[in-house]
Amino acid sequence: MNRETLPQRKKLPHEIPPWVQLGTRHFITINCEKRDADILCREPTATALLESATFYEQIGRWYMWLMMIMPDHLHFIATFDLQRGVRPIVRAWKSYQAAKLSINWQSDFFEHRLRNDKEYEEKTHYVRMNPVRKGLVQTTEEWPFVMDRIRMIEQT
């Protein structure tokens, strides 16, 4: 099937409106170009992705609340440096991972600003349950490719 004949996904703007408050959480999904491929959950790729997310946090690009790496995509909930913006930060991170780990990403990403605690809790549950829904594990605790600061905070 020719790609040009397929419906094309609309590109959504990722600019942060000036009224968005500092500390706002964003839900991000990044897909590999080839869906249904087991690319991201192989070592050393999975560990490198988690380590680079931690590095981006250390240099002040984002605060990572939750990152779930799946075989062909990843989800995360993060608070971004609003001066730099969501789009430039995510694009730079994707670009670095593509070059370093030879990952072919889809050209863009999905972003949703979490407007309240209810949305935050819904997306957190959705992200945590992803490997269970896909039949990869029986419980969320079994999945190794995750950074879950929310659970760490809840357990203290």
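Going by the working numbering, the first residue of the sequence shown is number 280, and it counts up by one from there.
Ideal placement from N, C-alpha and C gives every residue a C-beta, glycine not left out.
Remember, predicted model here, so these are calculated numbers, not experimental data.
Residue i - containing alpha helix (DSSP H), residue span
{"i": "E312", "result": "Segment: none, E312 is in no alpha helix (DSSP H) and carries neither H nor E."}
{"i": "M408", "result": "D396 to R412"}
{"i": "I348", "result": "That residue, I348, is in no alpha helix (DSSP H); its beta strand (DSSP E) goes W341 to I348."}
{"i": "L329", "result": "T324 to Q337"}
{"i": "V369", "result": "V365 to L380"}
Anticipated Cβ contact below 8 angstroms, residue i with residue j, distance rounded
{"i": "H305", "j": "A357", "result": "6 angstroms"}
{"i": "S331", "j": "Q376", "result": "7 angstroms"}
{"i": "R428", "j": "L353", "result": "About 15 angstroms; that fails the 8 angstroms criterion."}
Nearest to residue i (by Cα), restricted to the options the options
{"i": "I348", "options": "D387, Q362, C311 and E336", "result": "C311"}
{"i": "I334", "options": "I309, I368 and G302", "result": "It is worth fixing the name first, because residue 334 is Phe in this sequence and not Ile. Of I309, I368 and G302, the residue nearest in Cα terms is I368."}
{"i": "K379", "options": "T303, T308, T326 and R428", "result": "T326"}
{"i": "T403", "options": "L329, M343 and E322", "result": "M343"}
{"i": "W422", "options": "R321, T303 and K373", "result": "R321"}
{"i": "P323", "options": "I382, S374, V406 and R392", "result": "I382"}
Terminal residues of the beta strand (DSSP E) in which residue i lies
{"i": "A357", "result": "H352 to F359"}
{"i": "R392", "result": "F389 to L393"}
{"i": "D427", "result": "V425 to D427"}
Residues of its chain near residue i, where Cβ-Cβ distance is below 8 angstroms and the 5 sequence neighbours each way are ignored
{"i": "M408", "result": "T419"}
{"i": "D351", "result": "N310, C311, K313, R314, D315, A316, D317, I318 and L319"}
{"i": "R363", "result": "R340"}
{"i": "L393", "result": "T303, R304, H305, F306, I356, Y399 and K402"}
Own chain partners of residue i with C-beta closer than 6 angstroms, once the 5 adjacent residues on each side are dropped
{"i": "E400", "result": "none"}
{"i": "K373", "result": "W384"}
{"i": "V406", "result": "L345, M347 and H354"}
{"i": "P410", "result": "V416 and W422"}
Neighbourhood of residue i by C-beta distance below 7 angstroms, restricted to the same chain and skipping five residues each side
{"i": "G302", "result": "T358"}
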